[in-house]
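Enquirer: With full-length UniProt numbering, the residue at position 49 of the sequence shown is 49, and numbering never jumps.
Just passing along the structure, written as structure tokens.
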Amino acid sequence: MNKRVLIVDDFPLDAELTRRVLEACKDIPEIVIVADGAEALSELERRHDYAVILLDLRLPKVDGFEVLKQLSSKPFLSDIPIIVVSGNRNDYDRMRVLVMGATDFVEKTIDYAQFRDELFRTLARNRLCCEDFVSPA
């Protein structure tokens with residue numbers, strides 16, 4: 001399986017924490033980080049071989065909802081699993097992204113261990129990269 005992961009997050013600290021979670025995988029994936037939705041769409045036009053996209057919703061230029069809409073309309077990109085990773089706690093928005101084609105939703109929390117565990121479980125549940133993890137210390 002391809003081990004390339006795209007993280008789309010405009011907040012550097014959140015992108016770094018997500019990267020650190022992924023680096024705990026036994027088979028560390030190649031991680032690409034972009035800071036806005038327009039950059040994500042450009043990257044995905046250039047390379048379509050991502051195993052998974054970890055997408056924030058609140059992004060500059062093009063928000064996560066529009067990224068989802070664009071990806072679902074392109075046959076060569078619509079099969080890439082998308083996990084929304086957001087601090088958005090609105091139940092309507094959670095349902096909306098799932099209806100729009102997101103594979104799953106992980107809530108960002110200030111508790112790193114909780115976030116790490118939830119992201120690991122979500123990736124494994126969806127049989128995406130990082131099915132095997134280094135045991136947390």
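Glycine included, each C-beta is placed from N, C-alpha and C at the ideal position.
(1) Where Leu44 and Ile53 are concerned, what is the direct C-alpha to C-alpha distance, given to the nearest angstrom?
(2) Look at the Cβ atom of Val5, then the Cβ atom of Gly37, and state whether they are nearer than 8 Å.
(3) For Phe76, which residues in the same chain have their Cβ closer than 6 Å to its Cβ, ignoring the five residues on either side in sequence?
(4) Give a yes or no on whether the C-beta atoms belonging to Val84 and Ala40 are separated by under 8 Å.
(5) Quick one, are the C-beta atoms of Asn126 and Asp104 less than 8 Å apart?
(6) Measure the CB-CB distance between Leu123 and Ile82 and report whether it falls below 8 Å.
Expert: Judging by the given coordinates:
(1) 10 Å
(2) no
(3) Cβ within range, chain order: His48.
(4) no
(5) In contact: Asn126 and Asp104 (Cβ atoms closer than 8 Å).
(6) Contact: no.
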